[in-house]
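Engineer: So the protein sequences, as listed, match chains X and D. Under this note's numbering, the first sequence has 45 at position 45, and the numbering climbs by one with no breaks. Under this note's numbering, the second sequence has 20 at position 20, and the numbering climbs by one with no breaks. Take a look at the following structure, please.
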Amino acid sequence: DAKTTQPNSMESNEEEPVHLPCNHSTISGTDYIHWYRQLPSQGPEYVIHGLTSNVNNRMASLAIAEDRKSSTLILHRATLRDAAVYYCILRDPNYGGSQGNLIFGKGTKLSVKP
Amino acid sequence: KAGVTQTPRYLIKTRGQQVTLSCSPISGHRSVSWYQQTPGQGLQFLFEYFSETQRNKGNFPGRFSGRQFSNSRSEMNVSTLELGDSALYLCASSLGAGNTGANVLTFGAGSRLTVL
Numbered sequence: 001d002a003k004t005t006q007p008n009s010m011e012s013n014e015e016e017p018v019h020l021p022c023n024h025s026t027i028s029g030t031d032y033i034h035w036y037r038q039l040p041s042q043g044p045e046y047v048i049h050g051l052t053s054n055v056n057n058r059m060a061s062l063a064i065a066e067d068r069k070s071s072t073l074i075l076h077r078a079t080l081r082d083a084a085v086y087y088c089i090l091r092d093p094n095y096g097g098s099q100g101n102l103i104f105g106k107g108t109k110l111s112v113k114p
Numbered sequence: 001k002a003g004v005t006q007t008p009r010y011l012i013k014t015r016g017q018q019v020t021l022s023c024s025p026i027s028g029h030r031s032v033s034w035y036q037q038t039p040g041q042g043l044q045f046l047f048e049y050f051s052e053t054q055r056n057k058g059n060f061p062g063r064f065s066g067r068q069f070s071n072s073r074s075e076m077n078v079s080t081l082e083l084g085d086s087a088l089y090l091c092a093s094s095l096g097a098g099n100t101g102a103n104v105l106t107f108g109a110g111s112r113l114t115v116l
């Protein structure tokens with residue numbers, strides 16, 4: 001699986017937008033970009049994923065660069081509950097049929113100030 | 001629908017003992033994977049099971065093993081416990097078939113193991 005690079009930490013104010021960047025310069029043409037987050041004392045939870053086009057769901061938006069070498073997770077209005085570690089992960093659909101082995105990096109620890 | 005259920009949530013063992021952790025996946029999910037999370041190493045993949053067969057394995061010693069039952073429930077076992085095995089053990093389930101790149105994992109809350 002290709003690697004991703006994220007900042008170690010970021011801070012945000014409550015009710016302001018947050019842009020979490022991820023670099024993946026070695027991404028292949030078939031890799032999907034996934035984001036998970038882990039709140040304190042919980043297991044990771046899925047946030048969003050995409051392949052080429054920007055994606056929106058009830059939790060967040062995913063903006064993917066045209067060359068796909070970077071992406072940005074956008075939380076439109078941060079709340080205190082969004083304080084978590086956010087992981088950007090690449091998923092290869094051709095990886096031998098295995099679906100369970102995500103490769104987690106260190107992620108970005110997001111702090112939200114009231 | 002019910003999420004991924006892991007039991008027990010907390011347990012304390014001593015060195016040399018063995019431990020078994022259980023995971024019940026989301027109904028209809030056939031893939032179950034296990035992860036170890038420690039402050040130093042972060043989240044590391046242990047193994048994945050699909051239709052009662054181990055489909056993939058991470059870089060862990062043979063003391064770590066697992067199995068999956070016909071109802072997709074899974075157990076993992078750690079024998080001859082060491083202090084370094086203290087960690088949060090997470091289970092995740094997914095459909096297990098179709099587009100690997102697009103399928104998402106649903107994680108349980110984890111089993112926190114402390115080895116004294």
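C-beta: ideal position from N, C-alpha, C; glycine also.
9 Å is my cut-off, CB to CB: does D/Y35 come that close to chain X?
Structural biologist: Closer than 9 Å: yes.
Engineer: Can you give me the C-alpha to C-alpha distance between X/E14 and X/L20, rounded to a whole angstrom?
Structural biologist: Cα-Cα distance, rounded: 15 Å.
Engineer: Taking X/A60 as the reference, give the member of X/T52, X/V47, X/S53 and X/K69 with the closest Cα.
Structural biologist: Checking every option, the nearest Cα to that of X/A60 belongs to X/V47.
Engineer: Helix or strand or just coil, what does DSSP make of D/L90?
Structural biologist: Three-state result, D/L90: strand.
Engineer: Classify D/L46 as helix, strand or coil using the three-state DSSP reduction.
Structural biologist: Looking at D/L46 - three-state DSSP - the assignment turns out to be strand.
Engineer: If you draw a straight line from the C-alpha of X/S25 to the C-alpha of D/R15, how long is it?
Structural biologist: In a straight line, the C-alpha of X/S25 is about 44 Å away from that of D/R15.
Engineer: Pick helix, strand or coil for X/L80, following the three-state DSSP scheme.
Structural biologist: Here X/L80 sits in helix by DSSP.
Engineer: Considering only their Cβ atoms, is the gap separating D/G66 from D/S74 smaller than 9 Å?
Structural biologist: Closer than 9 Å, so yes.
Engineer: Checking contacts by CB at 9 Å: is D/T100 closer than that to chain X?
Structural biologist: D/T100 counts as touching chain X.
Engineer: Using C-beta distances below 6 Å, list every residue in its chain close to X/N23, excluding the 5 sequence neighbours before and after it, in chain order.
Structural biologist: T5 and S70.
Engineer: What span of residues does the beta strand (DSSP E) with X/V112 cover, start to end?
Structural biologist: Here the beta strand (DSSP E) through X/V112 covers T108 to K113.
Engineer: Assess, as a yes-or-no matter, whether the segment 14–34 of chain D is touched by the segment 37–44 of chain X under the definition of 3 or more beta carbon pairs within less than 8 Å.
Structural biologist: Cβ pair count under 8 Å is below three, so no.
Engineer: Thinking C-alpha only, which one of D/F69, D/N59, D/S86 and D/L105 is nearest D/S51?
Structural biologist: Answer by Cα proximity: D/F69.
Engineer: Going by C-alpha to C-alpha distance, which of D/G40, D/Q37, D/N59 and D/P39 sits closest to D/F47?
Structural biologist: Per the Cα distances, D/N59.
Engineer: How is the beta strand (DSSP E) around X/E66 delimited, first residue to last?
Structural biologist: Element bounds for X/E66: n/a, residue is neither H nor E.
Engineer: Can you pull the DSSP bridge partners for X/G126?
Structural biologist: With chain X running from 1 to 114 in the structure shown, residue 126 of chain X is simply not present.
Engineer: Starting from X/N23, trace the beta strand (DSSP E) in both directions and tell me its first and last residue.
Structural biologist: Counting along the chain, the beta strand (DSSP E) containing X/N23 begins and ends at V18 to N23.
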